[in-house]
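This report concerns only the one structure given below.
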Amino acid sequence: MSGTDNAVGSEVSVAGLTAAIHDVPAYPEIPTYLNILGSLHIWEGDGWKQESMSWKTSSYLASNLSGLPEIIFSGPNAQEFLSRLSINNVYKWPVGTSKHLVMLDENGYIANHGLTVRQNEDTFRHFAAMPWPVYKAPSLGLDVDIALRDIFLFQVAGPTSLQVLERLTGKSLRDLQFLGVEQITVPGIESADIELSRIGMAGTLAYELRGPLGHGPAVFDAVYQAGKHFGLKRLGWRTYVVNHTEGGFPQQGCTFLPAAFADPEFVGHPVFGATLPPSQVGSPLPGSIDPWNLSARLRTPFEVNWGWMAKFDHEFIGRAALEAEAADRRRKTVVLRWNKEDVLDVFASQFEPGEEYKHFEFPTTPQSPAGGHADLVTKDGKPVGVSSVAVYSYYYREMLSHSTIDLDLAEIGTEVIVHWGDHGGRIKQIRATVQRFPYLELASNKDFDLSAIPSGVLAR
1054 MSGTDNAVGS
1064 EVSVAGLTAA
1074 IHDVPAYPEI
1084 PTYLNILGSL
1094 HIWEGDGWKQ
1104 ESMSWKTSSY
1114 LASNLSGLPE
1124 IIFSGPNAQE
1134 FLSRLSINNV
1144 YKWPVGTSKH
1154 LVMLDENGYI
1164 ANHGLTVRQN
1174 EDTFRHFAAM
1184 PWPVYKAPSL
1194 GLDVDIALRD
1204 IFLFQVAGPT
1214 SLQVLERLTG
1224 KSLRDLQFLG
1234 VEQITVPGIE
1244 SADIELSRIG
1254 MAGTLAYELR
1264 GPLGHGPAVF
1274 DAVYQAGKHF
1284 GLKRLGWRTY
1294 VVNHTEGGFP
1304 QQGCTFLPAA
1314 FADPEFVGHP
1324 VFGATLPPSQ
1334 VGSPLPGSID
1344 PWNLSARLRT
1354 PFEVNWGWMA
1364 KFDHEFIGRA
1374 ALEAEAADRR
1384 RKTVVLRWNK
1394 EDVLDVFASQ
1404 FEPGEEYKHF
1414 EFPTTPQSPA
1424 GGHADLVTKD
1434 GKPVGVSSVA
1444 VYSYYYREML
1454 SHSTIDLDLA
1464 EIGTEVIVHW
1474 GDHGGRIKQI
1484 RATVQRFPYL
1494 ELASNKDFDL
1504 SAIPSGVLAR
C-alpha cells in the first residue's frame, strides 16, 4: 500500500479571501463550520430553508462528502478483488464510467457502499466511503496495489446545475451521460487534474467535481462565483440529509449505520477504528428502540431497495445470507409522512409542565450525521419496522422519514405508528402513512431532459 498524498494548503487566496477551512474557503458570511468526518465542513451555508429549496428550484454546491480519501485499487487482480467484496457484477463495466458498489459483512448487512470509477482496465477509484476494502484486503489473499489520495469532492445538484458548470468551464457539457466521467479545466486553475461526473444524491439533475484536495478552496469558490447568477446555494451538513430523504437515497452514517461498526476488529483497529465517530460506536444510540441494539440500525441491500444490484453470478462476502433473503424478503424502505397534529403535540409539550417529548431540530432530528437513530414502528401494537431520521421538508411543509417496513404494509396509504422519543424516556406515538418512494416528484438525474435547459456558456 502506498502512502497518502497530504499536500493540503491551509491558507489560500480565493476571490479576495485569504483563508481556507479544509477544502472550502472561510467565507466571512458563513458563521458556522463543524467537525464532520474528522474535518471542518460548512454547517449552514445560505440558510437551511434556502438550501432545502435549492435542488428543486435552482442548485446547490456542497463539500459534505470531502474528508474521506479516494482509495485506488490497481493491478491485474483489482477487478477480482472488488468482485469478491461487492454484490455488483463488476465485469460488465466500461472504462470511464461509475458504479455504486455495495459491500456486505458475512451476515448480509451493508458494511460499506460508495461510488467507484473504472479508470482503466486495471485501476478503480473508490470515493467517500469506509476503508472496509482496505481492512478486508489481507483476508482475500489477492495481490492488489492499494493507494490513498486526499481529494476534494463537491456536489452540484439541481435544475440549474448544468448551467452553473457550463458557466464555470465555458463549454457545453451536454454529452456527459449519467454515470459518465470526463476531465474538465477550471479557468485560473489549469494545473489541477479535475474530473466531472454526472452523479448525485439529490434525486434530480446532479454532478460531482473531484480533484486534489489542495485545490479544493479555489475550485469551490470558482463554482460559487459561477453559480450566483443561477441561484446557487452553499449546502451545509445541517440540511444535507433532507435531500437523501426526499430523493430516496438511504445513506450509511446518515439513515443507517454501516455493519463495519458492528465488527469489533474493525472498530478496535488502531488505524481504521481511530477516526470513527464516538457517538455511533460503543455508545448508547438515540431513538425509541433499545439504544444498545446495533442491528436495528443496520440494513441489508433488499431493505434499502438495492436488491436489484445483487448478481449471484460470482462469490462475494455475505452471498449466502443475501441469497437467503432474496428467497424470503421481509422488508423494504418506504417514506413515512408524519401526522401534523401529532407533530404539533411534540412542540406543545415544550410549553407544558412535566417531562416534555423529545424536541425536533429543524430540518433534521437528530442533527446530521444521524445514522445511529432508530425509532420503533408498529401496527396494531406489533413491531413492523424501524424509522430513521425525522426530516422536516420545507418544500412540502411536511415531516418525513425513511422507514424499513414489513412488505405487506408497504402499500401507499397504510397507516402505522412511529414511537418518537428516546428509549426509557417519554414516547409520543405519532401516526404516519406510507407514501411514494422516492418522495421527490421531479425528474431523476438519468431521465432529466437536458435539451430543455438553456446553455450556461456566456456568449462571446
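Numbering of the sequence shown is given in this note's numbering, commencing with residue 1054 and proceeding in unit increments. The C-beta atom is built at its ideal place from N, Cα and C for all residues, glycine as well. Small disclaimer: the values here were computed from a predicted structure and weren't measured.
(1) Taking the C-alpha atoms as reference points, what is the distance between His-1094 and His-1075?
(2) Where Ala-1358 and Pro-1186 are concerned, what is the direct C-alpha to C-alpha distance, given to the nearest angstrom?
(3) Going straight from the alpha carbon of Pro-1331 to that of Glu-1123, what length do you get?
(4) Where in the segment 1373–1455 do unbroken runs of the alpha helix (DSSP H), each at least 4 residues long, occur, reported from the N-terminal end onward?
(5) Using the rule of at least 16 other Cβ atoms within 10 Å of the residue's Cβ for burial, across every protein chain shown, is Tyr-1144 buried or exposed?
(6) Please name the residue in Gly-1120, Asp-1395 and Val-1155 whose C-alpha comes closest to that of Phe-1413.
(7) Among the residues of its own chain, which have a CB less than 7 Å from the CB of Asp-1316, if the five just before and after it don't count?
(8) Which first and last residues belong to the beta strand (DSSP E) in which Gly-1167 is found?
(9) Please state the DSSP three-state secondary structure of Val-1324.
(10) Work out the CA separation of Gln-1305 and Ala-1182 for me, nearest whole Å.
(11) Drop a sphere of 10 angstroms on the beta-carbon of Asp-1461, count the other beta-carbons inside from all chains shown, and report buried for 16 or more, exposed for fewer.
(12) Is Gly-1280 helix, strand or coil by DSSP?
(13) Thinking just about the alpha-carbon of each residue, which of Pro-1303, Pro-1354, Phe-1180 and Leu-1429 is nearest to the one in Asn-1141?
(14) For Val-1510 versus Arg-1220, is the C-beta spacing smaller than 8 Å?
(15) At 3 residues or longer, and completely inside the segment 1246–1304: list those beta strand (DSSP E) runs for me, N to C.
(16) Report yes if the CB atom of Thr-1222 is closer than 8 Å to the CB atom of Val-1239, and no otherwise.
(17) Which term fits Thr-1085, buried or exposed, when burial requires 16 or more other beta carbons within 10 angstroms of its beta carbon?
(18) Decide if Trp-1345 is buried, meaning its Cβ has at least 16 other Cβ atoms within 10 Å, or exposed.
(19) Mapping DSSP to helix, strand and coil, what is Pro-1240?
(20) Could you tell me whether the segment 1441–1448 touches the segment 1295–1310, where touching means 3 or more Cβ pairs closer than 8 Å?
(21) For Trp-1146 and His-1472, what's the separation of their Cα atoms in angstroms?
(22) Is Lys-1189 helix, strand or coil by DSSP?
(23) Among Val-1234, Ala-1245, His-1476 and Ile-1506, which has the Cα closest to the Cα of Phe-1205?
(24) Grab me the residues of Val-1061's own chain with a C-beta within less than 7 Å of its C-beta, minus the 5 sequence neighbours each way, in chain order.
(25) Kindly list the residues whose CB is nearer than 8 Å to the CB of Phe-1400, restricted to its own chain and excluding five residues on each side of it in sequence; keep chain order.
(26) Beta-carbon within less than 8 Å of Met-1452's beta-carbon, same chain only, minus the 5 sequence neighbours each way: which residues are those?
(27) Quickly, what does DSSP pair Ala-1200 with across the bridge? List them, please.
(28) In the DSSP output, what is Leu-1154 paired with across the bridge?
(29) His-1426 and Gly-1340 look like a contact to me (Cβ under 8 Å); what is the Cβ gap, rounded to whole Å?
(30) Evaluate Asn-1498 with the Cβ neighbour count: other Cβ atoms within 10 Å of its Cβ, from every protein chain shown; 16 or more gives buried, anything less gives exposed.
(31) Go ahead and pull the three-state DSSP assignment for Arg-1178.
(32) Whose C-beta lies closer than 8 Å to the C-beta of Gly-1264 among residues of the same chain, with five residues either side of it excluded?
(33) So the alpha helix (DSSP H) Trp-1108 belongs to, where does it begin and stop?
(34) Does the separation of the CB atoms of Gln-1208 and Ala-1115 fall below 8 Å?
(35) Should Phe-1302 and Val-1388 be called a contact, given that it needs their Cβ atoms to be closer than 8 Å?
(36) Is the beta carbon of Arg-1484 less than 8 Å from the beta carbon of Ile-1470?
Reading off the structure:
(1) Whole-angstrom Cα-Cα distance: 7 Å.
(2) This sequence places Asn at residue 1358; Ala is not what is there. Spanning the two alpha carbons is a distance of roughly 23 Å.
(3) Rounded to the nearest angstrom, the two C-alpha atoms are 23 Å apart.
(4) Those alpha helix (DSSP H) runs which fall completely within the segment 1373–1455 and span 4+ residues are 1393–1402.
(5) Exposed, by the Cβ-count rule.
(6) That would be Asp-1395, whose Cα lies nearest to the Cα of Phe-1413.
(7) Only Asp-1158 meet the Cβ criterion.
(8) Its beta strand (DSSP E) spans residues 1163–1173.
(9) Of the three classes helix, strand and coil, the one that applies to Val-1324 here is coil, per DSSP.
(10) Ala-1182 and Gln-1305 have their C-alpha atoms some 9 Å from each other.
(11) Here Asp-1461 is exposed: its Cβ has fewer than 16 other Cβ atoms, across all protein chains shown, within 10 Å.
(12) Under the three-state reduction of DSSP output, Gly-1280 falls in the helix class.
(13) If you compare the alpha carbons of Pro-1303, Pro-1354, Phe-1180 and Leu-1429 with that of Asn-1141, the shortest gap goes to Pro-1354.
(14) Going by C-beta atoms, Val-1510 is nearer than 8 Å to Arg-1220.
(15) The qualifying runs are 1247–1250, 1259–1265 and 1285–1287.
(16) Cβ distance < 8 Å, so Thr-1222 and Val-1239 count as in contact.
(17) Exposed, because fewer than 16 other Cβ atoms sit within 10 Å of the Cβ of Thr-1085.
(18) An exposed status is given to Trp-1345, since fewer than 16 other beta-carbon atoms sit within 10 Å of its beta-carbon.
(19) In this structure, Pro-1240 counts as coil in the three-state DSSP scheme.
(20) Yes: at least three Cβ pairs fall under 8 Å.
(21) The straight-line gap from Cα to Cα measures roughly 44 Å.
(22) Three-state result, Lys-1189: helix.
(23) Out of Val-1234, Ala-1245, His-1476 and Ile-1506, Ala-1245 has the C-alpha closest to the C-alpha of Phe-1205.
(24) Low confidence applies to Val-1061: its pLDDT is 35, below 50, so where it sits in the model is not reliable, and the reading given next is rough at best. Non-local C-beta neighbours of Val-1061 in its own chain, meaning closer than 7 Å and more than five positions away in sequence, comprise Asp-1203, Leu-1266 and Gly-1267, ordered along the chain.
(25) For Phe-1400, where only same-chain residues beyond five positions count, the Cβ hits under 8 Å are His-1412 and Phe-1413.
(26) Arg-1390, Trp-1391, Lys-1393, Val-1396, Phe-1413, Ala-1443, Val-1444, Tyr-1445 and Ser-1446.
(27) Partner(s): Ile-1125.
(28) DSSP lists Gly-1167 as partners of Leu-1154.
(29) His-1426 to Gly-1340, Cβ: 5 Å. Contact.
(30) Asn-1498 should be labelled buried.
(31) Strand.
(32) When the five nearest sequence neighbours on each side are left out, the beta carbons in the same chain lying within less than 8 Å of the beta carbon of Gly-1264 are those of Ile-1204, Phe-1205, Ala-1245, Asp-1246, Ile-1247, Glu-1248 and Val-1272, in order along the chain.
(33) Counting along the chain, the alpha helix (DSSP H) containing Trp-1108 begins and ends at 1101–1110.
(34) With respect to the 8 Å criterion, Gln-1208 and Ala-1115 are classified as neighbours on the basis of their beta carbons.
(35) The answer is no: Cβ separation not under 8 Å.
(36) It is a contact, given that the beta carbons lie within the stated cut-off.
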